[in-house]
Amino acid sequence: MAEVSFEGVTKTYADGTTAVRDMDLSDDGEFMVLVIGSPTMNMIEVKLERGDGHLTARTGSQTLSLDERVLAAHPALAAYEGRRVVMGIRPEDLEDVALVDAAPPDLRLRGKVLLREALGSELVVHFEVDAPPVLTEDARELLEDRSIAPDMPASTEEDRTSTLVGRFDPASGVREGQVVEVAVQTRAVHFFDPDSGLAVYDEVGAVERSPIGVA
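With the sequence shown counted from 1, adding 193 to any position gets you the numbering used here.
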């Protein structure tokens, strides 16, 4: 994958291209997804469950295991067991399983490739998974206002699939239309409260409720 450095809110890649940082946190940890820059952070709705002694994140028909490093970084997740939460996955934390030395089944997502963009030092792959989409209140209003976005669907409330974007190594042989197994670096994922939009890290963040309309 391309090396990444951060300068302010701009990503600078090894091939010289730049993009505005895809996600920022406000002072209180509230997430703000920016529409500038591509691809943006992937946001999916998951349900936290406990099985075989460890925490898992279930989305649609698929389940990801969360190891102790995840819980150490986000201790408040324990309070969300049995509840839904928003998981954020950066594109650079997704990779074609065929190019990963060790990727257990419980650290993978399966999806259908919709678009393959070869960008020199990296391959940007858009793939669809059976995971509930996450919409902010602003996004809902945009989708429902035909005068603002006439070419967009009127609503995605009932959609049960989400399109994720991964930055794959250019050696990946994935093709549009095929099913791909994608390795997920779960130790690098982010979590947000679905009601307040606050990042989930410590116990304080787990109980704060300042609704911003995140679903």
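Note that CB positions come from ideal geometry on N, CA and C, so glycine has one too.
Asked	Found
Report yes or no: do the segment 268 to 278 and the segment 234 to 252 share at least 3 C-beta pairs separated by less than 8 Å?	yes
I need the boundaries of the alpha helix (DSSP H) containing Arg262, first residue and last residue.	Glu261 to Ala266
From what residue to what residue does the beta strand (DSSP E) around Ala177 run?	Here the chain covers residues 194 to 408 and nothing more, so residue 177 does not appear.
Can you say whether Gln255 is buried or exposed, counting buried as having 16 or more other CB atoms within 10 angstroms of its CB?	buried
To the nearest angstrom, how far is the alpha carbon of Ile282 from that of Glu310?	19 Å
Are the beta-carbon atoms of Leu259 and Phe320 separated by less than 8 Å?	no
Compute the Euclidean distance between the alpha carbons of Glu288 and Val306, then round it to the nearest angstrom.	13 Å
State buried or exposed for Asp386, treating a residue as buried only when at least 16 other CB atoms are found within 10 Å of its CB.	buried
If I'm right that Glu242 touches Gly275 with Cβ under 8 Å, what's the distance once you round it to whole angstroms?	7 Å
Would you say Val327 and Val279 are within 8 Å of each other, going by their C-beta atoms?	yes
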